[in-house]
Amino acid sequence: MAFLGFIRFRGDSLPRLNLSRLRKDEILWMANHRCPHRHTYIEHQDCYEGIPQRIGFFDIETTAFDAGFGILLSYAIKGGGKDKIFSDAITLDDIRKSKAGDEDLRLVKNCVRDLSQFDRIVTHYGNDYRFDVPFIRTRAVALGVPFPAYGTIKQEDTYTILKSKFKVGRNRLETACRVLLGETEKNHVDPKVWRAAGRGDAKALRYVLDHNKRDVRDLERLYEKIVPFTKGISRSL
């Protein structure tokens, strides 16, 4: 395909971008996708605003807050604007067949695989120095599971936005949803259930995974509510 030209972004005051400076995947995407006016983005460059990012809303459940002591019980990643939730939970078979310390090996592999399908991940209290991402990274490295390298996936965190832009009392996901959305899907956290899940109890694990899925649905709704009040600054996963 021999095509040279410029992409003009919306607004006459914005600078033009030379098409030759775009990545190959961007040019291919433009050639194979159509704008609202039913032209390819190569034909109708005014409509092009960049390749839509795949955003995932990510949450995990574990047996402990420290990955040196605890293991992964379940994870859930909800695709932005979609009903599909990528999720999995540990099983009694995982625990029975494991060697000491690798009970969640299969689960961590699946979690990292599913994370890698997204360009940007949104968490709540899950970025650096906090919980979800440092925990899963620690488990992956400890178990020899390749984890996405720096810069390959971006991350945003609703706790960080709440802390800097809002005053909802405690910045917990449940509290923020009740104050800003007027409701939450979150169900009760019973320590006995989490301990039973860690032993592979099927009923307990179903409850934990359901709790996990409720959290990511709440997380997406909260993010959509509060993200207009921030610049959308993200870090690497």
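Numbering (the numbering used here) for the sequence shown: 58 to 294.
C-beta: ideal position from N, C-alpha, C; glycine also.
These figures come from a predicted structure and were not determined experimentally.
Integer Cβ distance of residue i from residue j, believed to fall under 8 angstroms
i	j	result
leucine 129	valine 179	Actually they do not touch by this definition, with Cβ atoms about 19 angstroms apart.
aspartate 151	tyrosine 132	Contact doesn't hold; Cβ gap of about 14 angstroms is too wide.
Alpha-carbon spacing of residue i relative to residue j, whole angstroms
i	j	result
threonine 148	alanine 259	7 angstroms
serine 293	glycine 158	28 angstroms
isoleucine 134	phenylalanine 143	5 angstroms
proline 205	tyrosine 186	18 angstroms
valine 190	serine 291	14 angstroms
serine 221	valine 273	22 angstroms
arginine 196	asparagine 167	12 angstroms
arginine 80	threonine 287	28 angstroms
aspartate 275	asparagine 89	34 angstroms
isoleucine 218	glutamate 240	19 angstroms
arginine 95	isoleucine 108	17 angstroms
arginine 194	aspartate 171	14 angstroms
lysine 224	alanine 124	31 angstroms
serine 70	histidine 101	Low confidence applies to serine 70: its pLDDT is 36, below 50, so where it sits in the model is not reliable enough to give any reading.
asparagine 184	phenylalanine 115	11 angstroms
glycine 257	leucine 85	46 angstroms
7 angstroms CB neighbourhood of residue i in its chain, flanking five on each side removed
i	result
alanine 121	Gly127
lysine 139	none
alanine 261	Val250, Ala253, Ala254
asparagine 228	Tyr216, Leu219, Lys220
valine 198	Phe204
For residue i, three-class secondary structure by DSSP
i	result
alanine 133	strand
lysine 243	coil
phenylalanine 188	coil
glycine 113	strand
lysine 156	coil
arginine 263	helix
isoleucine 128	coil
serine 291	coil
glutamate 277	helix
valine 179	strand
alanine 146	strand
glutamine 212	strand
threonine 195	helix
heavy atom of the ligand ATP below 8 angstroms from residue i C-beta
i	result
glutamate 118	With respect to small molecules bound, the structure shown includes none, and the ligand ATP cannot be examined in it.
Neighbourhood of residue i by C-beta, 6 angstroms cutoff - its chain only, sequence neighbours within 5 removed
i	result
arginine 177	Gln110, Ile112, Lys211
tyrosine 264	Val250
isoleucine 99	Met87, Ala88
isoleucine 283	Ile218
Cβ neighbours of residue i in the same chain (closer than 8 angstroms, five flanking residues each side left out)
i	result
arginine 278	Cys234, Leu238
glutamate 160	Ile128, Ile147, Asp151, Ile152
cysteine 92	Tyr98, His101, Cys104, Tyr105
valine 169	Ile193, Ala197, Val202, Pro203, Phe204, Pro205
*State whether the segment 237-245 contacts the segment 266-280, with contact taken as three or more CB pairs (one from each stretch) at a distance under 8 angstroms.*
yes
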